[in-house]
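Notes for the one structure printed next.
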Amino acid sequence: MFETLRKRARKTYMWRAVLSLVGTVIILAATRGAIFQLAAGMGGMDITADPETYEGKAVMLDVDFILGDYVEHTTTTVRDSGSRSTSTNGNSYIAFQSVYEEGEESSVWYFYSLYMPKSKEEMLYERAEKAWECLNDETGMTAAPEPVKAVGTWTRMDSQMEGYYTETMAEIGIEEGEYDRIYLYTLDTGKLGGVNIYLFWLLMAGAVLLILWFVFSVIGCFRKSYEKEIHKYLQKNTKYSLGEIEADFTTAHPVGKDVWVGKRWTVYMEGAKAKILQNEDLVWGYYFKRTGKNAVSQMQLYTAERKSCYISLSEELTKEALRYYGEEQPQMIVGYSSDLEQMYQKSFQEFLDLKYNPVMKEAPEGTFLNI
4 MFETLRKRAR KTYMWRAVLS LVGTVIILAA TRGAIFQLAA GMGGMDITAD PETYEGKAVM
64 LDVDFILGDY VEHTTTTVRD SGSRSTSTNG NSYIAFQSVY EEGEESSVWY FYSLYMPKSK
124 EEMLYERAEK AWECLNDETG MTAAPEPVKA VGTWTRMDSQ MEGYYTETMA EIGIEEGEYD
184 RIYLYTLDTG KLGGVNIYLF WLLMAGAVLL ILWFVFSVIG CFRKSYEKEI HKYLQKNTKY
244 SLGEIEADFT TAHPVGKDVW VGKRWTVYME GAKAKILQNE DLVWGYYFKR TGKNAVSQMQ
304 LYTAERKSCY ISLSEELTKE ALRYYGEEQP QMIVGYSSDL EQMYQKSFQE FLDLKYNPVM
364 KEAPEGTFLN I
């Protein structure tokens, strides 16, 4: 018995492992492997490198100086009534890094564009104000502002953004030269891996969960957790032995691949775990189907203690299982009607008097009905 159950449990775990692995690969592919790019660049982006080497990649950068914003990014919503509303998503800022190169007396300034969401606007304006205070202080006594940590995608500007950017740079008086390098790139903190940054981190959380599911599924292939419920049943019902259950399982009717209807017990797989029901406790069974969003197809079984058990089965397999119950469990009502449901819900003792109580009165005490 346990060998059969082990094979079914292992197959379930293997399918879970495969599905979790496929799901993880899909997420990583959909986000263009951006998480690996971030991991590889934990030390931060090398602003002195050729900017093309980072194009389209996820990068991390401590932004040293922010001079101010030059473009406001908005979204306009047009309603069915024709009315419009505009919301600000964020701003693009002119930023630069100051890098001292070996052998040079002056630092080289590397200019680029930085997109940040609206929520960061107040903080960035304060950093820009401090940057200008530092840059205008000829004494060198004013401390530079704290760097702003930014994570995003290094993106080549489109022609429109490039126009706004270069026009603003000219107004400020910044031109390409020996100590001024102007990059036509934006560090877009609104996107990672081609998706919204919030969605990206949500997908990464999903990938972590899938990886954990994969690990647990692989471990599950080598564990005996599928036996747990049967052993718990035996601990609670000490008058029965594992040998009796195994003997009944040997002659049980297999229903599909995951259900075995014996004369004394029903054993079935629920996911990767085996469950067991004592047949003489069953009073009613029928097929239930629900379509739509939360569709189900089940064999629903009910006990004399008013407990329920729902086993996922097709209608055809449920009919097969119910036929075995009808032939071998005389105390059990098979099939559904609204009158039976009403009696079960409102007059349970009357429901038991239909079949269960009369059969139990005639059955030898302490034995199974069909022995």
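Residues 4 to 374 (the working numbering) make up the sequence shown, in order. Heads up, the beta-carbon is just placed ideally off N, CA and C, and yes, glycines get one too.
Report the CB separation of residue i from residue j in whole angstroms; it is logged as a contact under 8 Å.
i, j, result
"Asp191", "Gly166", "Asp191 to Gly166, Cβ: 18 Å. No contact."
"Asp49", "Ala147", "Between Ala147 and Asp49 the Cβ distance is about 20 Å, and since that is not below 8 Å, they are no contact."
"Phe114", "Arg184", "7 Å"
"Val74", "Asn94", "7 Å"
"Ser23", "Leu320", "At roughly 28 Å, the Cβ-Cβ gap does not stay under 8 Å, so Ser23 and Leu320 are not in contact."
"Ala134", "Ile69", "6 Å"
"Ser116", "Tyr182", "Between Tyr182 and Ser116 the Cβ distance is about 20 Å, and since that is not below 8 Å, they are no contact."
Please classify residue i: is it buried, with 16 or more other beta-carbons within 10 angstroms of its beta-carbon, or exposed?
i, result
"Arg87", "exposed"
"Lys296", "exposed"
"Val270", "buried"
"Ile29", "exposed"
"Met272", "buried"
"Gln40", "buried"
"Val264", "buried"
"Ser110", "exposed"
"Asp161", "exposed"
"Val337", "buried"
"Gln163", "exposed"
"Trp18", "exposed"
"Lys231", "exposed"
"Val218", "exposed"
Determine whether the beta carbon atoms of residue i and residue j lie at a separation below 7 Å.
i, j, result
"Ile248", "Ala277", "no"
"Asp65", "Pro150", "yes"
"Tyr313", "Gln301", "yes"
"Thr78", "Phe203", "no"
"Pro333", "Val362", "yes"
"Tyr236", "Ala12", "no"
"Ala61", "Val221", "no"
"Ala131", "Gly71", "yes"
"Thr56", "Ala275", "no"
I'd like the span of the beta strand (DSSP E) that includes residue i, first residue to last.
i, result
"Ile50", "Neither: Ile50 is in no beta strand (DSSP E) and is coded neither H nor E."
"Ile177", "Here Ile177 belongs to no beta strand (DSSP E), and DSSP marks it neither H nor E."
"Gly71", "68-81"
"Ala153", "151-159"
"Ala277", "276-281"
"Phe99", "87-102"
"Thr269", "268-273"
"Pro2", "Residue numbering for the chain in the displayed model covers 4 to 374; residue 2 lies beyond these limits and cannot be assessed."
"Pro333", "Segment: none, Pro333 is in no beta strand (DSSP E) and carries neither H nor E."
For the candidate residues the options, whose alpha-carbon lies nearest to that of residue i?
i, options, result
"Trp268", "Lys260, His256, Gly274, Ala275", "His256"
"Gly36", "Leu206, Thr51, Glu105, Glu308", "Leu206"
"Gln348", "Ser311, Met4, Glu331", "Ser311"
"Tyr339", "Tyr305, Glu331, Ser315, Tyr327", "Tyr305"
"Ser90", "Ile97, Tyr96, Ala98, Val81", "Val81"
"Thr292", "Asn282, Ser317, Leu280, Phe5", "For the sequence presented, residue 292 should be read as Lys rather than Thr. If we check each option's Cα against that of Lys292, Ser317 comes out closest."
"Val198", "Lys10, Ala366, Ile38, Lys266", "Ile38"
"Asp284", "Gln303, Ala307, Glu330", "Ala307"
"Tyr328", "Gly259, Gln100, Asn282, Ser341", "Asn282"
"Asn240", "Leu280, Glu107, Glu125", "Leu280"
Where do the N-terminal and C-terminal ends of the alpha helix (DSSP H) with residue i fall, by residue?
i, result
"Lys10", "5-33"
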